[in-house]
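The structure appears right after this line, and notes come after that.
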Ligand code: FE
């Protein structure tokens, strides 16, 4: 029961994302250098305005050196301070039509109860209300429910962009480190598919899909349960 998608898939996605971030940053630098940046523009409007210009930027231009410095200044000017959450492979066990619920735990659920809270944010840091957040994961024994919807559920962020999920710490299964799958989508944005990871896992260092930027911030509640936080940063258009 291993992923048929190789770790290369995740790496390719990440490389594309890295290239895109580099292009966007350089694009911002061009705008700032040209004096086109108007302080009165709303961040969202500016971001949308910039997107078409990406295709006009030669891919051979380096994003290092002066251009990167200018880009950083532009980001501060428009409030673009968040790094988009890294996309990862979906894996073979996603199912559509999961129940809408914030708790995946009932009286029969085995394992360490884990509550994950956080926000869905736009790239400029603005909370995204009514964003879809759809989780699925293995149970404490490392098995997915592929016939039903055990440990699967979706929800929508509140007016301040917050979600909360009550679940259990997933078990390990062959070929992977400990992880939770999730899809996140702003109301008018593209779907982000990614995975969340756990700190201090020995398999993190050997899992080809693992990304340290996706590690949960976990607190032991001292009562046998755990709490975790994670904010998603997504494209909103
Ligand atoms: Fe998985």
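Residue numbers (my numbering): 95 to 331.
Beta carbons are placed, not taken as given, at the ideal position from N, Cα and C, and that holds for glycine.
Problem - Where the beta strand (DSSP E) containing residue 210 begins and where it ends - result: Position 116 of the chain shown, counted from the start, is the residue given in the question as residue 210. Residue 210 -> beta strand (DSSP E) spans 207-216.
Practice task
List the whole-angstrom C-beta distance separating residue 224 from residue 260, where the pair is believed to meet the contact cut-off of C-beta under 8 Å.
Solution key: Residue mapping note: residue 224 aligns to position 130 of the chain shown, counting from 1. Residue mapping note: residue 260 aligns to position 166 of the chain shown, counting from 1. The C-beta distance from residue 224 to residue 260 rounds to 20 Å, too long to fall under 8 Å, and the pair is not in contact.
Handout entry: Where the beta strand (DSSP E) through residue 290 begins and ends
Key = As a first step, residue 290 is located in the chain shown; it is residue number 196 there, counting from the start. Residue 290 -> beta strand (DSSP E) spans 286-291.
Handout entry: Residue ranges of each alpha helix (DSSP H) within the stretch 200-285, 4 or longer
Key = Entirely contained in the stretch 200-285, not one alpha helix (DSSP H) run reaches 4 residues.
Practice task
Give the range of the beta strand (DSSP E) segment to which residue 326 is assigned.
Solution key: In the chain shown, counting from the first residue as 1, residue 326 sits at position 232. For residue 326, the enclosing beta strand (DSSP E) covers residues 326-328.
Exercise for the section: Along the beta strand (DSSP E) that carries residue 182, what are the first and last residues, could you check? Expected result: Locating residue 182 in the chain shown gives position 88, where the first residue counts as 1. Per DSSP, residue 182 lies in no beta strand (DSSP E) and is assigned neither H nor E.
Practice task
Please classify residue 311: does DSSP put it in a helix, a strand, or coil?
Solution key: The sequence position of residue 311 within the chain shown is 217, counting from 1. Note: residue 311 maps to strand in three-state DSSP.
Exercise for the section: Could you spell out the range, first to last residue, of the beta strand (DSSP E) harbouring residue 331? Expected result: Within the chain shown, the letter at position 237 stands for residue 331. Counting along the chain, residue 331 falls outside any beta strand (DSSP E), and DSSP gives it neither H nor E.
Practice task
Along the beta strand (DSSP E) that carries residue 190, what are the first and last residues, could you check?
Solution key: As a first step, residue 190 must be located in the chain shown, where it is residue number 96. The continuous stretches of beta strand (DSSP E) do not include residue 190, and DSSP gives it neither H nor E.
Handout entry: Rounded straight-line distance, which links the Cα of residue 240 to that of residue 272
Key = Here residue 272 refers to the residue found at position 178 when the chain shown is read from its first residue. Here residue 240 refers to the residue found at position 146 when the chain shown is read from its first residue. Rounded to the nearest angstrom, the gap between the Cα atoms of residue 272 and residue 240 is 18 Å.
Handout entry: Residue(s) in a DSSP beta bridge with residue 323
Key = If you number the chain shown from 1, residue 323 lands on position 229. DSSP output for residue 323 lists 211, 311 as bridge partner(s).
Problem - Residues of its chain near residue 315, where Cβ-Cβ distance is below 8 Å and the 5 sequence neighbours each way are ignored - result: Position 221 of the chain shown, counting from 1, holds the residue named residue 315. Result list for residue 315: 321, in chain order.
Problem - Through-space distance from residue 284 to residue 153, alpha-carbon basis - result: Your numbering for residue 153 matches position 59 in the chain shown. Your numbering for residue 284 matches position 190 in the chain shown. Model confidence at residue 153 stands at a pLDDT of 31, short of 50, so the residue's coordinates are unreliable and nothing is read from them.
Practice task
Pick helix, strand or coil for residue 150, following the three-state DSSP scheme.
Solution key: Reading the chain shown from its first residue, position 56 is the one you call residue 150. With a pLDDT of only 31 at residue 150, under the threshold of 50, the placement of this residue in the model should not be trusted, and no figure is reported.
Problem - Inter-residue CB distance, residue 180 and residue 288 (contact presumed, cutoff 8 Å) - result: Sequence index remark: in the chain shown, residue 180 carries index 86 (1-based). Sequence index remark: in the chain shown, residue 288 carries index 194 (1-based). For residue 180 against residue 288, the beta-carbon gap comes to about 6 Å, under 8 Å, which counts as contact.
Problem - Proximity test, residue 236 beta-carbon vs the ligand FE heavy atom, cut-off 7 Å - result: Counting from 1 along the chain shown, the entry for residue 236 is found at position 142. For residue 236, the distance from the CB to the nearest heavy atom of the ligand FE is not below 7 Å.
Practice task
With hydrogens ignored, establish whether the beta-carbon of residue 247 is closer than 7 Å to any heavy atom of the ligand FE.
Solution key: Looking up residue 247 in the chain shown gives position 153. In this structure, residue 247 has its beta carbon at no less than 7 Å from each heavy atom of the ligand FE.
Problem - residue 192 versus 248, 253, 274, 235, residue with shortest Cα-Cα distance - result: Position 98 of the chain shown holds residue 192. When each option's Cα is compared against that of residue 192, the closest is 248.
Handout entry: Backbone CA spacing between residue 203 and residue 330 [nearest angstrom]
Key = Along the chain shown, one-based indexing puts residue 203 at 109. Along the chain shown, one-based indexing puts residue 330 at 236. A straight line joining the alpha-carbon of residue 203 with that of residue 330 spans about 35 Å.
Exercise for the section: Could you name the residues that DSSP lists as bridge partners for residue 197? Expected result: Numbered from 1 along the chain shown, position 103 holds the residue referred to as residue 197. According to DSSP, residue 197 shares a beta bridge with 260.
Practice task
Can you tell me the Cβ-Cβ gap for residue 228 and residue 276, rounded? I've got them flagged as a contact below 8 Å.
Solution key: The residue labelled residue 228 in the question sits at position 134 within the chain shown. The residue labelled residue 276 in the question sits at position 182 within the chain shown. With a contact defined as Cβ atoms closer than 8 Å, residue 228 and residue 276 qualify at about 7 Å.
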